[in-house]
Amino acid sequence: MNPARLPQLRNLLAILVLSTGFIWSAWHVFNQRRADAPQGKIVLRIGHWLMNPGMREAFDEAIKDYEALHPEVRIEQILVPTRSYATWTRTQLIGETAPDITGMLFLKEELITRHFISLADEVTKPNPYNTGTSLEGIPWRDTFVDGLDGSLGYTPTSGEHFGVNLQVNCLRLFYNRPLMLAITGRDTPPATYAELRALGPLVDAYNRRKGRAIVPIASSGTYGGFLSDVLFSSQTQRHTLEHSPAGNLRFQQAEIAQTLLAGGLDLDGPEIRKGFSLVHDVSKLMQAGFDQLAAGDALFTYLQGNALMIYTGNWDNAVLKQEAGFPNGVTHLPMPGRDDPDYGPNSLGLTSEATGGTEALMGVVRNSRHPEVAIDFLHYLTSLRGAERFTKTSQRVSSTVDTPQPPELKQLTPLLEGALPGFSLSLPGFGGRNSTQAYMRNRHLLLGPNGDVDAFIARLKEDYLPALREDFTHYVSRTRKETRSLDSLIGLHFSQHEDGSPGTGWSRLVESQHRRQIESLTYQDLTAR
Amino acid sequence: MPLPSVFHGPRPQRNPLGALASGLLLALVPLTAFPAPDPDPWADGLGFNNPAAIQHFRKLREAAPADTRLMLGQASALLGRQPETAANIERAAALLRTVNSDRDALASHRATARYLLGRIAQDHLASPDLNAAHEHYRSVMRDFPEHPLAGEAAVNLGYLLRWRTPALPPVEIDEGLTKLLAEVTTPAARRELLFLLGEVRRGELKDKAGAREALLSARKIGFETPGRNGDIDLLIASLSTDLGDPATAITHYRAFLHDYPRDNRATTVRILASELEATLASRP
Chain A
3 MNPARLPQLR
13 NLLAILVLST
23 GFIWSAWHVF
33 NQRRADAPQG
43 KIVLRIGHWL
53 MNPGMREAFD
63 EAIKDYEALH
73 PEVRIEQILV
83 PTRSYATWTR
93 TQLIGETAPD
103 ITGMLFLKEE
113 LITRHFISLA
123 DEVTKPNPYN
133 TGTSLEGIPW
143 RDTFVDGLDG
153 SLGYTPTSGE
163 HFGVNLQVNC
173 LRLFYNRPLM
183 LAITGRDTPP
193 ATYAELRALG
203 PLVDAYNRRK
213 GRAIVPIASS
223 GTYGGFLSDV
233 LFSSQTQRHT
243 LEHSPAGNLR
253 FQQAEIAQTL
263 LAGGLDLDGP
273 EIRKGFSLVH
283 DVSKLMQAGF
293 DQLAAGDALF
303 TYLQGNALMI
313 YTGNWDNAVL
323 KQEAGFPNGV
333 THLPMPGRDD
343 PDYGPNSLGL
353 TSEATGGTEA
363 LMGVVRNSRH
373 PEVAIDFLHY
383 LTSLRGAERF
393 TKTSQRVSST
403 VDTPQPPELK
413 QLTPLLEGAL
423 PGFSLSLPGF
433 GGRNSTQAYM
443 RNRHLLLGPN
453 GDVDAFIARL
463 KEDYLPALRE
473 DFTHYVSRTR
483 KETRSLDSLI
493 GLHFSQHEDG
503 SPGTGWSRLV
513 ESQHRRQIES
523 LTYQDLTAR
Chain B
26 MPLPSVFHGP
36 RPQRNPLGAL
46 ASGLLLALVP
56 LTAFPAPDPD
66 PWADGLGFNN
76 PAAIQHFRKL
86 REAAPADTRL
96 MLGQASALLG
106 RQPETAANIE
116 RAAALLRTVN
126 SDRDALASHR
136 ATARYLLGRI
146 AQDHLASPDL
156 NAAHEHYRSV
166 MRDFPEHPLA
176 GEAAVNLGYL
186 LRWRTPALPP
196 VEIDEGLTKL
206 LAEVTTPAAR
216 RELLFLLGEV
226 RRGELKDKAG
236 AREALLSARK
246 IGFETPGRNG
256 DIDLLIASLS
266 TDLGDPATAI
276 THYRAFLHDY
286 PRDNRATTVR
296 ILASELEATL
306 ASRP
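Line order of the protein sequences matches chains A and B. Numbering-wise, the first sequence is residues 3 to 531 according to this note's numbering. Numbering-wise, the second sequence is residues 26 to 309 according to this note's numbering.
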């Protein structure tokens, strides 16, 4: 071969490789969906993070049932771990490759409204799969325990529904029944707050007798936080009833912040001190240093039989059933009754779990090639029949009303009858979360046998209140920004049609804007200067 | 016939990468068989994709630069563009001023443009120009009284009144809001002004009876935001209880229970209503 021709041959080879690569890629991109879809089938994908035991199986069953009803449809599950879900969804949505039905965990309103189909009209119509049931003819929205209010929390600016939720969470005290019998002489749980407190000395006595190191309640940073908030908020129930700023028997986070910063609520006030005192008392039943532990550590301690009880959500029910080597009992957390001399006066009793705690919000993405089929599958999943089967397999409580619950889930079903909830000061997600961080990093001062309510309050005054003002400023600033962005939507509505008539929904946007304007104007004087 | 001279002589040096590029471009030709869908900048903007909306509006305006509908759309998209910049706000304002001054533009577009100019002056400038905002709102109400945004202009005037610096005496705020109410016929705008009046009377004036009167009228019109009717029912019930009117309180507690049976306040509301009913029953 002529050496002078070698460079030309190298170039030719490079071109050949590049061209082959390009042609193969193009062919692959154009044919990917055709290759995935069996002839004549509609293929749907559903992406979510729900990998707790029972969930994947429940979805598999629901998919199989739906495919039996609709043989022209094939549905695939795509499971993504929670820790990578936020990045995954964002990438998929922006790249317009997201599954037809995508779970909305961690998503902000801007991404939701841009990439998901609005279900505003759909939720006003009955779910066709509820024909012949007690939910026949009822608007889809009203077949959910919270009326889909929880979903609106994701899209507060537009006020439109973009997703439906599948289940409801609630917190419970799970207990080791044989161990309860061994320690207390009965395998029934403590029924009152006094009995709960009394478990401490009983467990100590058992440990001394048996040379064990059982803890009464296994806990962690997260689970301890849930427990603290539930306990504390029992002491602000009466305050909420009597002093709700909007007169609506609620204390929203911004109202809590505003009241604290304006001096209407004092960290030294009686209900606040009682709330902290109650948390301190119950924290003595948890293992030392629980605040620094992960949820998995608490579960491990309990499953190994080294804790009598664990306070967690019904999402752990399946793993507790499957992994514990002993039978579990379930009960509500025994709270101080209204006749309790210390904590009764501020309390209104066991809190209603009627709204809130909904989970697994699912929506249909705009890039779906079969949005009507995707919505139909969501109809099926959330119908009474679909929800009943789903609940049985997942061991999770459905958010569809009237869903028959298996007997073993009865104790895990949200309590509808109960007093209004109070509020806590942890303020998760408020503003820039500085106050939450200040609260959490000082919480150790309150907890355990060496905890001190006065020391905790003193530290909150120094650390938490300034952080709260920062968060409040952040909140007001964001509210004003949302107000301004609504001007854009209003202008677009009024220019959309050639005759100048506004698009539907403009009045709801304007109302949403007024609420924000009033809020930001009302609070402007308290923001950090 | 001999071939043209271009085919004779030494073979020209060919650039293989140039050949590859040409080949790739040719390979893309089939893609033009599937033209992109017509852009819909309104759908983009309403879906919070303001960069795409602005780009599409610009393109459409190249073909129709005097189209006031497109100008209004582009201005609206600029108002929503993130991050917010003074330059974009000024561009939006300039477009809106053009729409507003175009006598041939649709009245609705001119009203919207003027309203948005008021909103810009009130909330979008680094230093709000509240006098200009006031003027724009007043002119919408004067020149386009039937336009839906005329009522909203009145509501914004209500905010300027209530949160004026230095603050007006509450009695003057009450009078001013009452006067504005008399000028507004749109139910939604009346509702918001009534709510604002209710808040002034409840807050600054400590006039529970006056607050309740305003809120009852607002509630009669009804709110669109989910849950808001219920919140107002509870507030009216609470005020009624304080005013020694258990019958009205019970009516509104029962209305709440009817509309929100699964709310987590329902049990407490039921107890409050029952207690009042017992009080009423025990009266001679």
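Note that CB positions come from ideal geometry on N, CA and C, so glycine has one too.
| query | result |
| --- | --- |
| Closer than 6 Å by C-beta to residue 356 (chain A): which residues in its own chain qualify, once you throw out the five before and the five after it? Chain order, please. | 418 |
| Between A:68, A:392, A:96 and A:195, which lies nearest to residue 60 (chain A) when the distance is taken from Cα to Cα? | A:392 |
| Taking only beta-carbon atoms, is residue 124 (chain A) less than 8 Å away from chain B? | no |
| Counting only beta-carbon separations shorter than 8 Å, does residue 133 (chain B) have a partner in chain A? | yes |
| CB residue 162 (chain B) to CB residue 136 (chain B), shorter than 8 Å? | no |
| Just tell me which of A:58, A:521 and A:171 has its CA closest to the CA of residue 415 (chain A). | A:171 |
| Quick one: is residue 479 (chain A) near chain B, going by C-beta distance under 8 Å? | no |
| Can at least three beta-carbon pairs, one atom from the region 315 to 334 of chain A and one from the region 480 to 488 of chain A, be found at a separation below 8 Å? | no |
| Look at the Cβ atom of residue 114 (chain A), then the Cβ atom of residue 164 (chain A), and state whether they are nearer than 8 Å. | yes |
| Pick helix, strand or coil for residue 93 (chain B), following the three-state DSSP scheme. | helix |
| Could you tell me how far apart the beta carbons of residue 176 (chain A) and residue 330 (chain A) are, in whole angstroms, since I believe they sit closer than 8 Å? | 5 Å |
| Where do the N-terminal and C-terminal ends of the alpha helix (DSSP H) with residue 302 (chain B) fall, by residue? | 291 to 307 |
| So the beta strand (DSSP E) residue 50 (chain A) belongs to, where does it begin and stop? | 44 to 50 |
| Would you kindly work out how many angstroms separate the C-alpha atoms of residue 440 (chain A) and residue 225 (chain A), rounded to a whole number? | 18 Å |
| Does any CB atom of chain B fall closer than 8 Å to the CB of residue 250 (chain A)? | yes |
| Which residues of the region 76 to 93 of chain B have a Cβ closer than 7 Å to any Cβ of chain A? Give them in chain order. | none |
| For residue 244 (chain A), is the classification buried or exposed, using 16 other Cβ atoms within 10 angstroms of its Cβ as the cut-off for buried? | exposed |
| Give me the chain A residues within the contact set of residue 141 (chain B), using Cβ-Cβ distance strictly less than 7 Å, ordered along the chain. | 489 and 493 |
| State buried or exposed for residue 298 (chain B), treating a residue as buried only when at least 16 other CB atoms are found within 10 Å of its CB. | buried |
| When you compare each of A:378, A:369, A:425 and A:361 to residue 398 (chain A) by their alpha carbons, which one comes out closest? | A:361 |
| Return the chain-ordered list of same chain residues with a C-beta closer than 6 Å to the C-beta of residue 230 (chain B), the five sequence neighbours on each side being excluded. | 195 |
| What are the complete alpha helix (DSSP H) segments, minimum 4 residues, inside the region 352 to 411 of chain A? | 373 to 383 and 386 to 396 |
| Compute the beta-carbon to beta-carbon distance between residue 174 (chain A) and residue 413 (chain A), rounded to the nearest angstrom, for a pair I have assumed lies under 8 Å. | 7 Å |
| Which value, in whole angstroms, describes the spacing of the CA atoms of residue 22 (chain A) and residue 107 (chain B)? | 42 Å |
| Are the C-beta of residue 110 (chain B) and some C-beta of chain A separated by less than 8 Å? | no |
| Give a yes or no on whether the C-beta atoms belonging to residue 71 (chain B) and residue 100 (chain B) are separated by under 8 Å. | no |
| Please state whether DSSP places residue 225 (chain A) in a helix, a strand or coil. | helix |
| Are the CB atoms of residue 424 (chain A) and residue 236 (chain A) within a distance shorter than 8 Å? | yes |
| If residue 363 (chain A) sits next to residue 284 (chain A), beta carbons under 8 Å apart, how far is it from one beta carbon to the other, in whole angstroms? | Their Cβ separation, rounded to whole angstroms, is 32 Å, which puts residue 363 (chain A) and residue 284 (chain A) out of contact at 8 Å. |
| Are there any heavy atoms of the ligand GTP lying less than 7 Å away from the beta-carbon of residue 312 (chain A), as far as the coordinates show? | The ligand GTP is not among the ligands present in this structure, which contains no ligands whatsoever. |
| Does DSSP put residue 217 (chain A) in a helix, in a strand, or in coil? | strand |
| Suppose the cutoff is 6 Å on Cβ atoms and the five residues either side in sequence are ignored; what does the same chain contact list for residue 136 (chain A) look like? | 404 |
| Just verifying my parser: in three-state terms, what is the DSSP assignment at residue 36 (chain B)? | Reliability fails at residue 36 (chain B), whose pLDDT of 49 lies under 50, so the model's placement of it is uncertain and the value that follows must be treated cautiously. Coil. |
| Work out the CA separation of residue 96 (chain B) and residue 257 (chain A) for me, nearest whole Å. | 40 Å |
| So, helix, strand or coil for residue 288 (chain A), using DSSP? | strand |
| Name, please, each residue of chain A whose Cβ falls closer than 8 Å to the Cβ of residue 156 (chain B). | Those within 8 Å of residue 156 (chain B) in chain A number zero; the least Cβ separation is about 18 Å. |
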